[in-house]
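Enquirer:
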Amino acid sequence: MSEKFIPLSVPNLSGNEKKYVDEAVETEWVSTGGACINDFEKAIAEYVHTPGAVACQSGTAGLHLAMILNGIGREDEVIAPALTFIAAINPIMYEGAHPVFMDCDDSLCMDMNKVEEFCETCCEFRDSKLINKETGRQIKALLVVHVFGNMVDMERAMDLAEKYDLKVIEDATEALGTYATEGRYKGKHAGTIGDIGVYSFNGNKIITTGGGGMIVSNDEDLLARAKYLSTQAKDDMLYFQHNNIGYNYRMTNLQAALGLGQLEQLEHFVDVKTENYRHYMEQGIELLPFKEGIRPNYWFYSYLTDRRDDLIKYLQENGIQSRPVWMLICDLPPYKDEFRYKIEKAVEYHAHIVNIPCSTNLTTEDVERVAERLKAFPEA
Ligand SMILES: *Cc1c(COP(=O)(O)O)cnc(C)c1O
27 MSEKFIPLSV PNLSGNEKKY VDEAVETEWV STGGACINDF EKAIAEYVHT PGAVACQSGT
87 AGLHLAMILN GIGREDEVIA PALTFIAAIN PIMYEGAHPV FMDCDDSLCM DMNKVEEFCE
147 TCCEFRDSKL INKETGRQIK ALLVVHVFGN MVDMERAMDL AEKYDLKVIE DATEALGTYA
207 TEGRYKGKHA GTIGDIGVYS FNGNKIITTG GGGMIVSNDE DLLARAKYLS TQAKDDMLYF
267 QHNNIGYNYR MTNLQAALGL GQLEQLEHFV DVKTENYRHY MEQGIELLPF KEGIRPNYWF
327 YSYLTDRRDD LIKYLQENGI QSRPVWMLIC DLPPYKDEFR YKIEKAVEYH AHIVNIPCST
387 NLTTEDVERV AERLKAFPEA
């Protein structure tokens with residue numbers, strides 16, 4: 027066991043991160059004020075071509091604000107994927123609303139055919155309100171998740187949102203760097219097409235701030251409200267007048283300093299992930315394809331197997347970390363009684379996917395060692 031351990035997905039802090047964090051410490055701007063936060067917001071906005079961006083403590087905090095800013099409240103419903111990380115769904119419940127769980131398609135993103143079918147057959151559209159006939163509740167929004175750096179069919183999503191007067195909230199936490207290369211949204215980044223988009227800079231994401239998130243939108247008023255709510259809804263700086271209930275969700279300057287160092291390397295990280303993905307394939311490892319017509323960030327690689335749990339254990343024994351895809355959220359205790367619509371493919375993918383090492387510091391030799399082990403594993 028002298029072989030080095032190959033982790034699934036770890037941070038790569040080989041750029042200017044330390045320099046920028048040191049500078050932030052030297053200036054003693056370490057908390058929720060400081061130049062790095064504004065610079066980081068500007069840099070992200072520039073990168074994804076939005077008029078602005080609002081930095082927060084986590085992707086989850088950003089998604090919570092996204093619910094509030096889009097008017098999601100008590101007894102409303104939000105169409106949301108079953109196959110995702112729970113942090114995408116919890117913010118719906120924070121506001122007393124309910125998810126309507128939807129299946130995925132072969133991109134692992136939400137199946138827009140099923141969304142349409144659900145709206146047509148299970149709902150009633152009256153006075154610009156989409157009502158779920160079974161629950162009697164109004165559906166207010168579509169929460170789409172760009173799973174593993176893939177991209178949701180945003181043309182269909184936006185058409186349905188327009189038809190049924192729904193808000194579109196994009197969980198782009200896994201998809202910073204992903205954009206469309208064809209079609210109506212050519213050049214548009216994941217997260218910038220709907221009403222609001224959220225990125226995450228958690229430790230396992232394509233770039234990290236240790237923990238952090240970013241809200242983007244093309245609506246500058248909405249961005250201003252996001253910043254206001256994330257900074258305790260302070261209406262007067264000197265006298266502490268607060269006209270609303272706000273949150274302590276602002277990113278710190280230290281986190282933003284780290285983020286600036288990371289963002290400089292984002293395109294390089296995408297190149298490495300693309301290259302490693304191709305190299306796995308060249309080694310005969312069949313990975314789930316990303317969609318046509320997009321430039322994916324290749325964040326996570328999905329390998330399909332009939333012996334998921336045995337494979338994970340076998341790789342572990344060979345010093346290689348892997349993991350199954352998330353349990354379906356609709357099957358977890360807090361969500362088991364919520365409405366679900368024809369969840370089929372998500373069940374299959376959940377049973378068969380193993381995510382294999384994809385860090386940006388993965389070497390060609392690492393890829394070859396993982397590939398060799400995978401090929402040596404008996405599938406039957
Ligand atoms: C990481 C992630 C989040 C949450 O982001 P945090 O920054 O960890 O709060 C939400 N949704 C999905 C799909 C994620 O992968």
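Taking the numbering used here, the leading residue of the sequence shown gets 27, the next gets one more, and so forth. Just so you know, even glycine gets a beta-carbon here, dropped at the ideal spot from N, CA and C.
1. Any heavy atom of ligand 1 within a distance shorter than 7 Å of the CB on glutamate 121?
2. Measuring only from the beta carbon, is phenylalanine 111 closer than 7 Å to any heavy atom that is part of ligand 1?
3. Per DSSP, which one or two residues make a beta bridge with phenylalanine 365?
4. Determine the direct distance from the alpha carbon of alanine 69 to that of alanine 206, and round the result to whole angstroms.
5. Take every Cβ of the stretch 225-234, pair it with every Cβ of the stretch 193-206, and state whether three or more of those distances are shorter than 8 Å.
6. When the Cα of isoleucine 63 is compared with those of Tyr367, Asp261, Ala187 and Leu286, which residue comes out closest?
7. Assuming glycine 238 contacts glutamine 281 (C-beta within less than 8 Å), just tell me the rounded distance between them.
8. Rank Pro404, Ala372 and Thr278 by C-alpha distance to the C-alpha of valine 56 and give the top, closest one.
9. Using only alpha-carbon positions, find the residue among Leu400, Trp352, Asp102 and Glu188 that is nearest to phenylalanine 408.
10. Determine the direct distance from the alpha carbon of proline 360 to that of proline 125, and round the result to whole angstroms.
11. Just checking valine 296 against ligand 1 - is the residue's beta carbon closer than 7 Å to any of the ligand's heavy atoms?
12. Quick one: what does DSSP say cysteine 149 is sitting in, helix, strand or coil?
13. Report the three-state DSSP secondary structure of tyrosine 211 (helix, strand or coil).
14. Mind checking whether the beta-carbon of leucine 202 lies closer than 7 Å to any heavy atom of ligand 1?
15. Going by DSSP, name the residue or residues bridged to glutamine 267.
16. Could you tell me how far apart the beta carbons of valine 242 and glycine 213 are, in whole angstroms, since I believe they sit closer than 8 Å?
17. Could you give the distance in angstroms between the alpha-carbon of glycine 319 and the alpha-carbon of aspartate 297?
18. Compare the Cα-Cα distances from phenylalanine 31 to each of Gly345, Asn176, Leu95 and Ile112 and report the closest residue.
19. With the cut-off set at 8 Å, would you say tyrosine 375 and cysteine 130 are in Cβ contact?
20. Check proline 77 in the structure and name its three-state DSSP category.
21. List the DSSP bridge partners of serine 226.
22. What residue from Thr390, Ser385, His378 and Gly97 has the CA that sits closest to aspartate 444's CA?
23. Leaving out the 5 sequence neighbours to the left and right, which residues in its chain are closer than 8 Å to leucine 423 when beta-carbon positions are compared?
24. Suppose the cutoff is 8 Å on Cβ atoms and the five residues either side in sequence are ignored; what does the same chain contact list for aspartate 335 look like?
25. Taking the alpha-carbon positions, what's the alanine 123 to glutamate 301 distance?
26. Report whether the distance from the Cβ of alanine 114 to the nearest heavy atom of ligand 1 is below 7 Å.
27. Just to confirm, is the Cβ distance from asparagine 323 to glycine 203 under 8 Å?
28. Comparing the CB of threonine 235 with every heavy atom of ligand 1, is any distance shorter than 7 Å?
Expert: Concretely, from the data shown:
1. Along the sequence shown, one-based indexing puts residue 121 at 95. Glutamate 121: no, Cβ never under 7 Å from ligand 1.
2. Numbered from 1 along the sequence shown, position 85 holds the residue referred to as residue 111. Result yes, Cβ under 7 Å from ligand 1.
3. Within the sequence shown, the letter at position 339 stands for residue 365. According to DSSP, phenylalanine 365 shares a beta bridge with Val126.
4. Locating residue 206 in the sequence shown gives position 180, where the first residue counts as 1. Locating residue 69 in the sequence shown gives position 43, where the first residue counts as 1. Each residue's Cα considered, the two are about 20 Å apart.
5. Yes: at least three Cβ pairs fall under 8 Å.
6. Locating residue 63 in the sequence shown gives position 37, where the first residue counts as 1. The closest CA to that of isoleucine 63, considering only Tyr367, Asp261, Ala187 and Leu286, is found on Leu286.
7. Here the question's residue 238 lines up with position 212 in the sequence shown. Here the question's residue 281 lines up with position 255 in the sequence shown. About 5 Å; that satisfies the 8 Å criterion.
8. Residue 56 sits at position 30 when you count from the first residue of the sequence shown. Selected option, being the one with the closest Cα: Thr278.
9. Coverage of the chain is limited to positions 27 through 406, which leaves residue 408 absent and any answer about it impossible.
10. On the sequence shown, position 99 is the one that residue 125 refers to. On the sequence shown, position 334 is the one that residue 360 refers to. Distance from the CA of proline 125 to the CA of proline 360, rounded to the nearest whole angstrom, comes to 11 Å.
11. Here residue 296 corresponds to residue number 270 of the sequence shown, with the count starting at 1. No, the Cβ of valine 296 stays beyond 7 Å of every heavy atom of ligand 1.
12. Within the sequence shown, residue 149 is the residue found at index 123, counting from 1. In the structure shown, the three-state DSSP call for cysteine 149 is strand.
13. Position 185 of the sequence shown, counted from the first residue, corresponds to residue 211. Residue state, collapsed to three classes: coil.
14. On the sequence shown, position 176 is the one that residue 202 refers to. Leucine 202: no, Cβ never under 7 Å from ligand 1.
15. As a working note, residue 267 is residue 241 in the sequence shown. BP columns for glutamine 267 point to Asp262.
16. Here residue 242 refers to the residue found at position 216 when the sequence shown is read from its first residue. Here residue 213 refers to the residue found at position 187 when the sequence shown is read from its first residue. About 15 Å; that fails the 8 Å criterion.
17. Stepping through the sequence shown from its first residue, residue 319 is reached at position 293. Stepping through the sequence shown from its first residue, residue 297 is reached at position 271. Cα to Cα, glycine 319 sits roughly 17 Å from aspartate 297.
18. Taking the first residue of the sequence shown as 1, we reach residue 31 at position 5. That would be Gly345, whose Cα lies nearest to the Cα of phenylalanine 31.
19. The residue you call residue 375 lines up with position 349 of the sequence shown. The residue you call residue 130 lines up with position 104 of the sequence shown. Closer than 8 Å, so yes.
20. The residue you call residue 77 lines up with position 51 of the sequence shown. Coil at proline 77, not helix or strand.
21. Within the sequence shown, numbered from 1, the residue matching residue 226 stands at position 200. Answer is Gly239.
22. In the structure displayed, the chain extends from 27 to 406; residue 444 sits before or after that span and is not available.
23. Any answer about residue 423 is impossible in this case: the structure gives the chain only from 27 up to 406.
24. As a first step, residue 335 must be located in the sequence shown, where it is residue number 309. The beta carbon of aspartate 335 sits closer than 8 Å to those of Pro350, all from its chain and outside the five residues before and after it, given in chain order.
25. On the sequence shown, position 97 is the one that residue 123 refers to. On the sequence shown, position 275 is the one that residue 301 refers to. Near 42 Å, if we compare the C-alpha coordinates of glutamate 301 and alanine 123.
26. Numbered from 1 along the sequence shown, position 88 holds the residue referred to as residue 114. Relative to ligand 1, the nearest heavy atom lies less than 7 Å away from the CB of alanine 114.
27. Walking along the sequence shown from the start, residue 323 turns up at place 297. Walking along the sequence shown from the start, residue 203 turns up at place 177. The answer is yes: Cβ separation under 8 Å.
28. Start at 1 with the first residue of the sequence shown, and residue 235 comes out as number 209. It does not: the Cβ of threonine 235 is nowhere closer than 7 Å to a heavy atom of ligand 1.
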